[in-house]
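Numbering (the working numbering), first residue to last: 1445 to 2096.
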């Protein structure tokens, strides 16, 4: 992936066969920068650049091509591969910055974000031995989870997978080059293995948990293997720089079309979609390898088109940028919780911080340590205390020792189960889900009775509105007290049929809603999107289980469009009233967009009402948990009261 790694070494060895001149494929800088920008934009705006995570297959494919191409050249020149020196070069390039990121981030969390220290010892040691991706499979959160106390190290899974490939690849290459004399056979074998990896991804995919297929070394091998296969049939030293104009034009057009398709997938292929794991990622990997082939060819123009000073600068610092970007985002967004207030300014500030830190790291860590003779490590440490020839090194030693000490303190004192505390929301949602399922079953059993009594209930509601003096039983008095409702409001709510459809917010408040509305059917699911709603509405409607009042709470997880709202309204039918709760999600840039779209829909559809949760909760930080999005007990009661009073107002 990194320019200072594969690219520098390929610069030393890649030659054009027909003129003997050294050749450095600068276009790979540009291709890799495009991939890096996709990843960063995905982390900053995950639902605007839904497929930005696909930058990672580009990294894998470029690495597979360059490393394999390098080994082939070494074998052709010397008849062997120096495995030991290869490993040493890789570790010298990768380890120093990784250690700095781990220590600096842990020190920061120790001082300012101890809630993120959960299982930090396991996180550190698995990263240091490059098996963090497998730890993430069993212990980590989903790469696509935006709310559950995100770890600043989640993105490091990629580095572990890449290093695992580095460690096995020299041995694979020796076997292929020694026993398969025809290079095409090696390419075919690697291509078949890539397809096997993609099939394994499809087979192991589970919509409930993508960790196994997303983080797995075996399921992510396809782009690396495809890049490696390309190097056997498209070696950089065998590509002619002299081709006719037609061939050059064809290659340039293929490159343009390929890049367009890659961009379409980058903006449209969601990481939570089954299509991604059932061939989508493989298709993107094939496109990436095709693009690599075009960029690598000296007669195509894409090497030149992807070469400029900006890409060169970013490419040289890409390793640092990748490592620092996620910790910066997580820490920044913990401090600046109202991201939605400045949806453009905040990402710009975050990007500037990432680039600034990466530049400092590149100048003062990567470059010096890449040149450092590690045989002199002990001598250098001793010189810090003796004062002989150290110059300003002692000055740098002070912050290094301080940061290391703070990180060590945080890592050794953090409880093993700290992470479990961040799972309080998950536990609550799981509990609510069980209770809601049980209550839903009871509601469905009584559905026919309630439908028969609908006209009677309407008359009772009208009478209750006119007669404010009503008597409550013991249970009803508790409801009135807990939710701040008038006695008549409690009685009226008992008569109102409701179907609730939403995401984790709906699941969070589900037991409260069903406490006030005994006949409410609630369908809430973590991560649910607005485009899931039409199928749910149609399913409930076809079963006769869709009430006249449909309560929807969607928009927390992504922006929404008028078309998506229209689909829900049309599928529900004109005889049903849609009550859509707008969103309080200050940590995401789309909050304002979602709420403006809902307000617009309320003007368009007569049977559509917006329940303004955003306005009510705007200055109530005490109503929310640590993510500033999901209501706590107090917030859930306020949410339920707001919904109740709106439905009662419209009840007849």
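Quick reminder that beta carbons are idealized off the backbone N, C-alpha and C, glycines included.
Bear in mind the structure is a predicted one, so any value in this text is a computation, not a measurement.
Under the three-state DSSP convention, the category residue i falls into
i: residue 1965; result: strand
i: residue 1792; result: helix
i: residue 1503; result: helix
i: residue 1723; result: helix
i: residue 2068; result: strand
i: residue 2114; result: In this structure the chain extends from 1445 to 2096, so residue 2114 is not present and cannot be described.
i: residue 1690; result: helix
i: residue 2004; result: coil
i: residue 1946; result: strand
i: residue 1653; result: coil
i: residue 1995; result: strand
i: residue 1728; result: helix
i: residue 2053; result: strand
i: residue 2022; result: strand
i: residue 1540; result: helix
Rounded separation between residue i and residue j - CA only
i: residue 1795; j: residue 1722; result: 33 Å
i: residue 1643; j: residue 1542; result: 32 Å
i: residue 1557; j: residue 1505; result: 36 Å
i: residue 1550; j: residue 1847; result: 9 Å
i: residue 1761; j: residue 1673; result: 28 Å
i: residue 1745; j: residue 1764; result: 29 Å
i: residue 2057; j: residue 2063; result: 11 Å
i: residue 1513; j: residue 1700; result: 24 Å
i: residue 1705; j: residue 2050; result: 41 Å
i: residue 1577; j: residue 1661; result: 8 Å
i: residue 1891; j: residue 1989; result: 7 Å
i: residue 1519; j: residue 1640; result: 27 Å
i: residue 2107; j: residue 1648; result: The structure shown does not extend to residue 2107, since the chain is modelled only from 1445 to 2096, so the question has no answer here.
i: residue 1998; j: residue 2008; result: 11 Å
i: residue 1921; j: residue 2090; result: 20 Å
i: residue 2097; j: residue 1544; result: As displayed, the chain neither begins before 1445 nor continues past 2096, which places residue 2097 out of reach and without an answer.
i: residue 1842; j: residue 1617; result: 45 Å
i: residue 1915; j: residue 1936; result: 12 Å
i: residue 1531; j: residue 1614; result: 9 Å
i: residue 2095; j: residue 1908; result: 11 Å
i: residue 1646; j: residue 2077; result: 40 Å
i: residue 2041; j: residue 2073; result: 19 Å
i: residue 1666; j: residue 1823; result: 45 Å
i: residue 1554; j: residue 1524; result: 48 Å
CB contact flag (residue i, residue j, <7 Å)
i: residue 2068; j: residue 2022; result: no
i: residue 1670; j: residue 1638; result: yes
i: residue 1493; j: residue 1728; result: no
i: residue 1491; j: residue 1978; result: no
i: residue 2030; j: residue 1784; result: yes
i: residue 1483; j: residue 1496; result: yes
i: residue 1943; j: residue 1991; result: yes
i: residue 1972; j: residue 1956; result: no
i: residue 1954; j: residue 1940; result: no
i: residue 1568; j: residue 1546; result: yes
i: residue 1690; j: residue 1734; result: no
i: residue 1534; j: residue 1610; result: yes
i: residue 1668; j: residue 1508; result: yes
i: residue 1564; j: residue 1852; result: no
i: residue 1732; j: residue 1469; result: no
i: residue 2088; j: residue 1960; result: yes
i: residue 1986; j: residue 2028; result: no
i: residue 1949; j: residue 2000; result: yes
i: residue 1791; j: residue 1480; result: no
Integer-rounded CB distance, given that residue j should sit under 8 Å from residue i
i: residue 1621; j: residue 1595; result: Their Cβ separation, rounded to whole angstroms, is 40 Å, which puts residue 1621 and residue 1595 out of contact at 8 Å.
i: residue 1474; j: residue 1816; result: Wrong, their Cβ atoms sit about 30 Å apart, outside the cutoff.
i: residue 1873; j: residue 1951; result: 5 Å
i: residue 2034; j: residue 2055; result: Rounded, the Cβ-Cβ distance is 19 Å, inconsistent with contact.
i: residue 1713; j: residue 1724; result: 5 Å
i: residue 2026; j: residue 2038; result: 7 Å
Nonlocal neighbours in the same chain, by C-beta distance under 8 Å from residue i, ignoring five residues either side
i: residue 1598; result: 1580, 1584, 1585, 1587 and 1770
i: residue 1880; result: 1951, 1954, 1955, 1958, 1966 and 1968
i: residue 1736; result: 1472, 1475, 1505, 1506, 1509, 1671 and 1674
i: residue 2081; result: 1926, 1927, 1928 and 1956
Any non-hydrogen atom of the ligand COA closer than 6 Å to residue i Cβ
i: residue 1875; result: Ligands displayed in this structure: none; no statement on the ligand COA is therefore possible.
Beta-carbon contacts of residue i that lie in its chain and below 7 Å, excluding the five residues immediately before and after
i: residue 1655; result: 1580, 1581, 1584 and 1586
i: residue 1798; result: 1765, 1768, 1769 and 1772
i: residue 1575; result: 1604
i: residue 1845; result: none
i: residue 1812; result: none
Residues near residue i in its chain [Cβ-Cβ closer than 6 Å; skip 5 each side]
i: residue 1687; result: 1743
i: residue 2015; result: 1978, 1981 and 1982
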